[in-house]
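Chain order of the listed sequences is A and B.
Be aware that the first sequence starts at 138, since it is given in the working numbering, and climbs by one per residue.
Be aware that the second sequence starts at 138, since it is given in the working numbering, and climbs by one per residue.
The C-beta atom is built at its ideal place from N, Cα and C for all residues, glycine as well.
There are 2 protein chains.
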Amino acid sequence: MKRPIGVIDSGVGGLTVAHEIMRQIPKERLIYLGDTLRCPYGPRTKEEVNKFTWELVEFLLEKNIKMLVVACNTATAFTLEELQSKLNIPVIGVIQPGARAAINFTQNNHIGVIGTEGTIRSNAYNKALQSINEDIQVSALACPLFVPMVEQGTLKGEVAERVIKESLIPLNNNKKIDTLILGCTHYPLLKDTIQRVVGEHITIVSSSEETARETSIILDVHDLLNQGNPVYDHQFYTTGDVGIFTKIAQGIFNSSIDNLQAVRIEKAVI
Amino acid sequence: MKRPIGVIDSGVGGLTVAHEIMRQIPKERLIYLGDTLRCPYGPRTKEEVNKFTWELVEFLLEKNIKMLVVACNTATAFTLEELQSKLNIPVIGVIQPGARAAINFTQNNHIGVIGTEGTIRSNAYNKALQSINEDIQVSALACPLFVPMVEQGTLKGEVAERVIKESLIPLNNNKKIDTLILGCTHYPLLKDTIQRVVGEHITIVSSSEETARETSIILDVHDLLNQGNPVYDHQFYTTGDVGIFTKIAQGIFNSSIDNLQAVRIEKAVI
């Protein structure tokens, strides 16, 4: 089954999911579309996120994808169920995988979640966690500065560190959580700094890594894994600036990935 | 969906999978059947394992299970594909989950696998790992003493330690692996000793934990998760001695599990 997997995101954050999929199921081919121009989705209304997400999906459906990965927590929170009910290919979001992994890791059933305002406001992680285990207690915190910071390429250094430290004060005042879900696919790019700020005793769950793993399982369940030779011609599209997209993408993928292309599309999506 | 999940094993090893399912998806109800009387399956022929496994499955199908977990590596290696093609409920084995997790953890693409003679002889892990990533190198080792040792209740102490140490000499002489799959559901009961023997630098993957996680995912994909109140009346059956089964089961489950029953069945299965 050599048809590609489609990955959508509000910008570059979903590249962390794409990278993990390429690492964990290297025989699969990806088509990625990041809506950099309209990023961030976090502060937008449900209606806006829903409309934008469907535009991204329509673009990828024309590429004959065999599965859709919604690599954006905000889009997952607002549109996953609708996509799953209306599309006739498997659709996976990033919230359930992170929730399931956190439930596996936590010892004291106190789980923290950080994400965009939209994701936190939607209560999607609370619902996902507590539908699996009613005893889970959730401490959720919106970190509205993280996505714009990542999208402009500020991934480490003094400014990044100070922003993260100040944003996470409410979380650090909460001494109970033993597991922290990075409930936004941009956040793995800040993982080292976040780990330093919260301390080594807290297990950080990257929804990107976990989503890649579930993508592999769901392709397997539907008998859609590529059984033949690897297919390497991944394609990357952005609705925004090609330069910054390419720079961040090259930072995420190692140098062995030489087939990375950023193509600016406008009318197709916007 | 309050129908139970069926779990089968050649003996008590699958209880490590059952325990993880109860921990990770606590609202689900389990029915467990361990073929203690005919354990171990490891040295048996493919035909025998296939016949025995189908007998266990028939018993559980009459209990109206919504999903089947083959919590035995040997049975998975020899019968999973047939079960998946013939049953009209989802069927999961323990090999793919362990393989996927190991691929997630390994940094150097060298993975070790220990299991019964049957599992190792079947090459099931090599196939599973290399079908996902052709670059994975696998060092496989049969450890025929481990299952009988666990089934008689020897889980730690001097004898257990000596048996494990001597069995793993070929693996310890192989300096390359960075990840070791416990390719038998009995082995998590020996995990601490195995970790001491191989060293802390090797990541040990428990197929039990990973299989529980995939069970959760597959139930979710098929919309079979229990959305209502938790259902706690798990049932445990063994074809063999009730006393030793109960003793090992109580060692695996913590004291909060007070609804554990071991029921000896004979004609139903044998």
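Cβ pair residue i, residue j closer than 8 angstroms
i	j	result
residue 249/B	residue 322/B	no
residue 168/A	residue 143/A	yes
residue 282/B	residue 138/B	no
residue 152/B	residue 376/B	no
residue 208/A	residue 231/A	yes
residue 314/A	residue 339/A	yes
residue 179/A	residue 148/A	no
residue 177/B	residue 348/B	no
residue 245/A	residue 273/A	no
residue 254/A	residue 238/A	no
residue 329/A	residue 166/A	no
residue 319/B	residue 353/B	no
residue 251/A	residue 269/A	no
residue 292/A	residue 335/A	no
residue 287/B	residue 326/B	yes
residue 186/B	residue 211/B	yes
residue 294/A	residue 381/A	no
residue 206/B	residue 154/B	yes
residue 213/B	residue 145/B	no
residue 236/B	residue 265/B	yes
residue 157/A	residue 337/A	no
residue 367/A	residue 223/A	no
Start and end residues, alpha helix (DSSP H) containing residue i
i	result
residue 262/A	261-269
residue 342/A	Taken as a continuous stretch (DSSP letters only), residue 342/A belongs to no alpha helix (DSSP H), being part of the beta strand (DSSP E) at 340-343.
residue 158/A	152-161
residue 220/B	210-223
residue 186/B	183-198
residue 385/B	379-389
Limits of the beta strand (DSSP E) - the one that residue i falls within
i	result
residue 204/B	204-207
residue 244/B	From DSSP, residue 244/B is part of no beta strand (DSSP E); its letter is neither H nor E.
residue 372/A	372-375
residue 316/A	316-319
residue 226/B	No beta strand (DSSP E) holds residue 226/B; DSSP gives it neither H nor E.
residue 170/B	167-171
residue 146/B	142-146
Near the ligand FAD: residue i beta-carbon under 7 angstroms from a heavy atom
i	result
residue 352/A	Among the components of this structure there are no ligands whatsoever, and the ligand FAD is therefore not found.
CB contact check: residue i to chain D, cutoff 8 angstroms
i	result
residue 196/A	The chain inventory of the structure shown lacks chain D, comprising the protein chains A and B.
- Message: Beta carbons nearer than 9 angstroms to chain B: which residues of the stretch 232-262 of chain A have them?
- Response: Of all residues in the stretch 232-262 of chain A, those with a C-beta nearer than 9 angstroms to a C-beta of chain B are 233, 234, 237, 238, 240 and 241, reading in chain order.
- For the stretch 332-348 of chain A, which residues have a CB atom closer than 8 angstroms to at least one CB atom of chain B, in sequence order? Within the stretch 332-348 of chain A, the residues whose Cβ lies closer than 8 angstroms to any Cβ of chain B are, in chain order, 346.
- Closer than 8 angstroms, Cβ to Cβ, to anything on chain B: give me those residues from the stretch 157-187 of chain A, in chain order. Residues of the stretch 157-187 of chain A with a C-beta atom less than 8 angstroms from some C-beta of chain B are 161, 162, 163 and 164, listed in chain order.
- Does the stretch 189-207 of chain A touch the stretch 293-307 of chain A, meaning 3 or more C-beta pairs lie closer than 8 angstroms? Between the stretch 293-307 of chain A and the stretch 189-207 of chain A, the count of Cβ pairs shorter than 8 angstroms is below three; the stretches do not touch.
- Item | Validate contact between the stretch 356-365 of chain A and the stretch 211-225 of chain A using beta carbons, cut 8 angstroms, 3 pairs | Contact between the stretch 356-365 of chain A and the stretch 211-225 of chain A is absent: fewer than three C-beta pairs spanning the two stretches fall below 8 angstroms.
- Query: In chain order, which continuous runs of the alpha helix (DSSP H) of length 4 or greater are located wholly inside the stretch 273-341 of chain B?
  - Reply: Those alpha helix (DSSP H) runs which fall completely within the stretch 273-341 of chain B and span 4+ residues are 283-288, 295-304, 306-309 and 328-335.
- Task: For the stretch 364-389 of chain A, enumerate the residues whose C-beta is nearer than 8 angstroms to any C-beta of chain B, in chain order.
- Result: Under the 8 angstroms Cβ criterion, the stretch 364-389 of chain A contributes 364 and 367.
- Message: Under 7 angstroms, CB to CB, which of the residues in the stretch 349-361 of chain A have a partner in chain B?
- Response: Answer in chain order: 350, 351, 353, 354, 355, 357 and 358.
- Near-chain A residues of the stretch 295-329 of chain B (beta-carbon distance less than 7 angstroms), N- to C-terminal order: Residues of the stretch 295-329 of chain B whose Cβ lies closer than 7 angstroms to any Cβ of chain A: none.
- the stretch 261-276 of chain A: positions lying closer than 9 angstroms to chain B by Cβ: Cβ contacts with chain B come from 268, 269, 270, 271 and 272.
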